[in-house]
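Comments concern the structure below.
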Amino acid sequence: MAVYKRGYQRYGGPRTPRLERLLVLPREAWRRVSGQRIVTALIAVSCIWPLLCALFIYVSNHTELWAGIDGDFRKFLAIDAAFFLTFMKVQSVFSVLLAALAGPGLIAPDLGNQGLALYFSRPISRLEYSLAKMAALMWLLSLVTWIPGLLLFLMQASMSPAGWMAAHWRLAAGVVFGFWQWVALVALVALASSAWVRWRLIAGAVVLGYFFVLSGIGVLVNAIFRVEWGDLINPLRASYGLWCAMAGAELPRGLSLPTALLALALMGGLLALALERRLRPVEVVS
Amino acid sequence: MSQPVVELEDLHVKLGRREILHGISCRLGVSGRGRAIGLLGPNGAGKSTLIRTLLGFHAPSAGRARVLGYDCRTDRRRVLERIGYMPETDSFIASMTGVEFLRVMGALSGLPAEIALEKAHETLFHVGLGEARYRTLGTYSLGMRQLARLAQAIVHGPELVILDEPTNGLDPSARRRMLELIRQMKEEHGMSVIVCSHLLADVEQVCDEVMILKDGRMVHHADLEAERRENRRFVELEVEGDDSGLGAALESKGAACVHEPPGRWRVVLPPDFDAAELWKLAAAQGLSVRRLTQRRDTLEEIFMKAMGLMRQSPGEAVASEETAAHGGL
Chain W
2 MAVYKRGYQR YGGPRTPRLE RLLVLPREAW RRVSGQRIVT ALIAVSCIWP LLCALFIYVS
62 NHTELWAGID GDFRKFLAID AAFFLTFMKV QSVFSVLLAA LAGPGLIAPD LGNQGLALYF
122 SRPISRLEYS LAKMAALMWL LSLVTWIPGL LLFLMQASMS PAGWMAAHWR LAAGVVFGFW
182 QWVALVALVA LASSAWVRWR LIAGAVVLGY FFVLSGIGVL VNAIFRVEWG DLINPLRASY
242 GLWCAMAGAE LPRGLSLPTA LLALALMGGL LALALERRLR PVEVVS
Chain A
37 MSQPVVELED LHVKLGRREI LHGISCRLGV SGRGRAIGLL GPNGAGKSTL IRTLLGFHAP
97 SAGRARVLGY DCRTDRRRVL ERIGYMPETD SFIASMTGVE FLRVMGALSG LPAEIALEKA
157 HETLFHVGLG EARYRTLGTY SLGMRQLARL AQAIVHGPEL VILDEPTNGL DPSARRRMLE
217 LIRQMKEEHG MSVIVCSHLL ADVEQVCDEV MILKDGRMVH HADLEAERRE NRRFVELEVE
277 GDDSGLGAAL ESKGAACVHE PPGRWRVVLP PDFDAAELWK LAAAQGLSVR RLTQRRDTLE
337 EIFMKAMGLM RQSPGEAVAS EETAAHGGL
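Protein chains in written order, with the numbering used here: chain W, 2 to 287; chain A, 37 to 365.
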């Protein structure tokens, strides 16, 4: 029977399990994020560097092409921690740009239209709502971070002599876990910005500012006051320190692993607090 | 024993340092009976705070609130699975079409994906948005958005629907439609409905029970159905002619009355007395009836009394005068 003839009937059948319900929000958020053409374009641009890296790996593994080339150049062609850290540095910039474009549209429209009361009057907690939105953004950022990183590692492993993979497993761990930490931090910044700033352009600028301006300020603080606590407000340096530690490379001069971890924990905590303060079903004026 | 829809036990709610609800205790509605409960009170009385507490948005600072037998604080998820909420504020997701909005809301409430889509269409037709269901919500008029908010509250077929100011800002025809939908929800679909409103006429039209709040306290809880039955017993009569014997004639039938000369009577009829009998009684006295009205503005009187703006209702005035006449206190 046509739906307009049938009339409204109360649903009395079985309900979906909790996990299935929770996946509704990330799916919806993903639809919202991936529907933007500029985001698709930026993802395409973000794939250029991984493709160049793949070409580099191919070339470096075909030494017959470089017969007669001096040792220094052969050293430059080596696929090691420095190669993957460089790859991560470049892709992390793209991931921030992507978050600045896609992130502001995730929470701000719900807040702007007072839609949170509609979500939170259903069996969904604020934590689940935040995680759902974050999951959509993290999946988007994964497309340009750890997924191509892992593919490059596997490509190198497949082209290298047996045993390379076992000997360099920390590189894979550094790429995957390092990028997971990075993607989580970027997504948190983007969500917090989306929750506090209504205008998309400004929210995007806040995301860029958080990573690039704050990092600049951190470097300036260290340089001017000859201290090291400027690293605590430098998300790029703190994350890079963690990646180095995970990939088994030497940490940047003046940065210790505990400082990097403390800085990241502080940032994560403050961003989560900022989100928590904003994601309320109703505004309460005390 | 029948399960109340809402059960409050000495409920206190604080927002910041300010206490908004000061120890409310009551049992409202009966689960599964399809009754509508009106929540009335002036601005700042605590109606919205009470609703938000039932939804788990605010935690009680003391006491307990239970909805359909589940504690709003400890069993919040179970409570929310069983209720639908239409907020007072203009809440919507601007970028979604009507169908998408309802499909997502239905799926979040536990409808399987295909059924969520089917119910989204069905509900939009039901509330009268069938033709606009593929338009984005941002393009809807205020009245349409109000209907969309109602639709999202019922798409998953909840046991209890909480409507916060459902007729606010609606034109008369949209208001009538909204009230009709509320009536259908309780009478045809067996949902319990809580209507929070400051429009007494709306509440009177659709509600069977009413709770009145003032300054965060419950000042009155009434069964409107019983009140209506009671009201049918109170009439105002205006006659022409010599009515000196009418009082005695009415009293002989068991009615209590007050005479307000010339020719005006306020009468409380006994339970088994049909108002039509008054015509015969007046004719027997040789009187012509110029006016015979039954009391209508009950809820307004109840409300005014609860607010302390009126000492007693006309029916009670007659009863008290009668008591005084018989040497009562």
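Beta carbons: idealized from backbone N, C-alpha and C, even for Gly.
**Request:** Report the rounded CA-to-CA distance for G164 (chain A) versus Y5 (chain W), giving the unit in angstroms.
**Result:** 10 Å
**Asked** Can you list, in chain order, the stretches of the beta strand (DSSP E) that have 3 or more residues and sit fully within the stretch 211–259 of chain A?
**Response** 228–232, 245–250, 253–259
**Asked** Going by C-alpha distance, which of A:R213, A:I56, A:Y121 is nearest H192 (chain A)?
**Response** A:Y121
**Request:** Quick one: grab the DSSP three-state call for C62 (chain A).
**Result:** strand
**Prompt:** Taking Cβ to Cβ, would you say K341 (chain A) is nearer than 8 Å to P78 (chain A)?
**Reply:** no
**Request:** Give a yes or no on whether 8 Å exceeds the smallest Cβ distance from R11 (chain W) to chain A.
**Result:** yes
**Prompt:** Can you tell which of W:L262, W:G210, W:L86 has the C-alpha that lies nearest to the C-alpha of C54 (chain W)?
**Reply:** W:L86
**Prompt:** Quick one: does Q115 (chain W) have its CB under 8 Å from some CB of chain A?
**Reply:** yes
**Message:** My output table needs one value for S96 (chain W): the three-state DSSP class, helix, strand or coil.
**Reply:** helix
**Request:** Could you check the C-alpha separation between R139 (chain A) and L186 (chain W) for me, to the nearest Å?
**Result:** 31 Å
**Request:** For S216 (chain W), count neighbouring C-beta atoms within 10 Å of its own C-beta (all shown protein chains included) and say buried if the count is 16 or more, exposed if not.
**Result:** buried
**Residues within the stretch 253–285 of chain W neighbouring chain A, beta-carbon criterion of under 9 Å** = R281, P282, V283, V285
**Prompt:** Are the C-beta of E201 (chain A) and some C-beta of chain W separated by less than 8 Å?
**Reply:** no
**Segments of 4+ residues assigned as alpha helix (DSSP H) that fall wholly inside the stretch 316–346 of chain A** = 334–343
**Message:** Counting only C-beta atoms, is T159 (chain A) closer than 8 Å to chain W at any point?
**Reply:** yes
**Asked** By how many angstroms is the C-alpha of P259 (chain W) removed from the C-alpha of F212 (chain W)?
**Response** 20 Å
**Asked** Which of the three DSSP states, helix, strand or coil, is assigned to S38 (chain A)?
**Response** coil
**Item:** 8 Å Cβ cutoff, R33 (chain W) in contact with chain A
**Value:** yes
**Prompt:** DSSP three-state call for M2 (chain W): helix, strand or coil?
**Reply:** coil
**Asked** Straight-line CA distance for L102 (chain W) to E201 (chain A)?
**Response** 38 Å
**Contact under 8 Å by Cβ, I190 (chain A) with T159 (chain A)** = yes
**Prompt:** In three-state DSSP terms, what is H162 (chain A)?
**Reply:** helix
**Request:** For E251 (chain W), collect the residues of the same chain with a Cβ closer than 7 Å to its Cβ; drop the 5 residues on either side in sequence, then sort them by chain order.
**Result:** C245
**Request:** Find the nearest neighbour of F77 (chain W) within the set W:S194, W:N62, W:M89, judged by alpha-carbon distance.
**Result:** W:N62
**Asked** Using a C-beta cutoff of 8 Å, does T175 (chain A) count as contacting chain W?
**Response** no
**V275 (chain A) - DSSP class collapsed to helix/strand/coil** = strand
**Request:** Measure the beta-carbon distance from E43 (chain A) to R102 (chain A) and round it to whole angstroms, keeping in mind my assumption that it falls under 8 Å.
**Result:** 4 Å
**Message:** How far does the alpha helix (DSSP H) with Y59 (chain W) in it extend, from its first residue to its last?
**Reply:** 49–61
**Message:** Only counting the same chain, and skipping five residues up and downstream in sequence, which positions put a Cβ closer than 6 Å to that of A3 (chain W)?
**Reply:** none
**Asked** What residues in its chain sit with their C-beta under 8 Å from that of P211 (chain A), if we drop five residues either side in the sequence?
**Response** Checking the sequence shown, residue 211 (chain A) turns out to be Arg, not Pro. Within the same chain, R211 (chain A) has close Cβ partners T203, D238.
**Message:** With DSSP as the reference, identify every bridge partner of W301 (chain A), one or two as the case may be.
**Reply:** A:L273, A:H295
**Asked** Since V242 (chain A) and L215 (chain A) are thought to touch, with beta carbons under 8 Å apart, how far apart are those beta carbons, to the nearest angstrom?
**Response** 6 Å
**Contact set between L91 (chain A) and chain W, taken where Cβ atoms lie within less than 7 Å** = S122
**Request:** Ignore the nearest five residues each way along the sequence and tell me which others in E272 (chain A)'s own chain have a CB closer than 6 Å to its CB.
**Result:** R302, T329
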